[in-house]
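In the numbering used here, the protein residues as written are 7 to 263.
Beta carbons: idealized from backbone N, C-alpha and C, even for Gly.
As the structure is a prediction and not an experimental result, all values here were calculated from the model.
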Ligand code: NI
């Protein structure tokens with residue numbers, strides 16, 4: 007069993023052929039944690055999880071959307087989280103690379119959602135782009151005890167700090183890119199019991215599909231890349247990362263895993 011810990015199957019890139027993409031995922035026996043980015047895509051994420059056994063949902067407001075969160079978004083998310091297939095609050099965090107949204111608004115919405123996750127005893131899925139120090143400080147301040155640093159891009163030293171807070175790390179297509187020295191280094195050296203695999207589809211297709219639309223079936227390529235980096239059989243990588251995803255998101259145990 008392979009688990010794609012971070013995908014956006016709600017994205018409009020799948021509007022034309024979502025049905026056949028879903029079928030291929032099911033045929034490949036892949037489980038997907040689908041992350042919302044705002045209220046609408048979070049609702050869509052929950053809907054997909056209701057329609058398909060192999061989909062679980064994360065709900066949350068992405069830092070790009072923080073300014074549009076609205077007055078009662080926390081209450082809306084709280085109600086949405088009542089669905090048992092909602093397994094995390096995400097993706098949430100900080101993005102200082104694009105800075106699409108005022109940094110203070112990003113921080114406020116991030117912290118409010120961390121507090122909600124703590125209240126609901128759910129893990130969080132964190133987007134941290136060029137905002138490592140502030141992300142760490144806000145996580146510490148919130149008292150959150152479990153989560154995933156998705157598409158982890160900070161250093162190995164910093165990973166130690168996130169691990170102290172009970173965090174896991176997921177890696178995707180970037181570990182197949184020639185020039186991605188840092189993700190390769192962290193993916194090679196972090197303890198295997200802290201690592202998950204993700205596609206972040208429709209973005210970040212692994213080589214040799216870089217630049218094309220990504221989808222969860224490409225998680226196999228990412229599993230092989232990680233196996234290569236760590237010098238382990240791909241079967242060990244599949245089992246370890248699936249077991250890590252199951253324990254973080256409290257997914258039911260599958261018979262075939
Ligand atoms: Ni994402």
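With a cut-off of 8 Å on the beta carbons, I'd call residue 95 and residue 56 a contact; round off their distance for me.
In the chain shown, counting from the first residue as 1, residue 95 sits at position 89. In the chain shown, counting from the first residue as 1, residue 56 sits at position 50. Actually they are not in contact, since the Cβ atoms of residue 95 and residue 56 sit about 18 Å apart, beyond 8 Å.
Could you check the C-alpha separation between residue 8 and residue 183 for me, to the nearest Å?
Reading the chain shown from its first residue, position 2 is the one you call residue 8. Reading the chain shown from its first residue, position 177 is the one you call residue 183. Roughly 21 Å separates the two Cα atoms.
Residue 154 and residue 122 look like a contact to me (Cβ under 8 Å); what is the Cβ gap, rounded to whole Å?
Counted from its first residue, the chain shown places residue 154 at position 148. Counted from its first residue, the chain shown places residue 122 at position 116. Contact doesn't hold; Cβ gap of about 16 Å is too wide.
Length of the line joining the Cα atoms of residue 112 and residue 142
Sequence index remark: in the chain shown, residue 112 carries index 106 (1-based). Sequence index remark: in the chain shown, residue 142 carries index 136 (1-based). Going by the C-alpha atoms only, they are around 14 Å apart.
Validate contact between the region 44-59 and the region 234-245 using beta carbons, cut 8 Å, 3 pairs
no
Top-ranked residue by Cα proximity to residue 162, from 226, 192, 181:
Here residue 162 corresponds to residue number 156 of the chain shown, with the count starting at 1. Among 226, 192, 181, the Cα nearest to that of residue 162 belongs to 192.
Should residue 177 be labelled buried (16 or more other beta-carbon atoms within 10 Å of its own) or exposed?
What you label residue 177 is simply residue 171 of the chain shown in a count that begins at 1. That one is buried.
Hey, is residue 209 close to the ligand NI, as in C-beta under 8 Å from one of its heavy atoms?
Counted from its first residue, the chain shown places residue 209 at position 203. Residue 209: yes, Cβ under 8 Å from the ligand NI.
Just to confirm the assignment, what range does the alpha helix (DSSP H) spanning residue 25 have?
Within the chain shown, the letter at position 19 stands for residue 25. 24-33 is the span of the alpha helix (DSSP H), which, as asked, contains residue 25.
Using three-state DSSP, classify residue 263 as helix, strand or coil.
In the chain shown, counting from the first residue as 1, residue 263 sits at position 257. Residue placement at residue 263 is poorly supported in this model, since its pLDDT is 36, which falls under 50; the coordinates still yield a value, given next. Reduced to three states, the DSSP call for residue 263 is coil.
Can you tell me whether residue 59 sits near the ligand NI, meaning its C-beta is under 8 Å from at least one heavy atom of the ligand?
Looking up residue 59 in the chain shown gives position 53. Every heavy atom of the ligand NI is 8 Å or more from the Cβ of residue 59, so no.
Could you give the first and the last residue of the continuous beta strand (DSSP E) run that contains residue 153?
Indexing the chain shown from 1 puts residue 153 at position 147. Its beta strand (DSSP E) spans residues 153-155.
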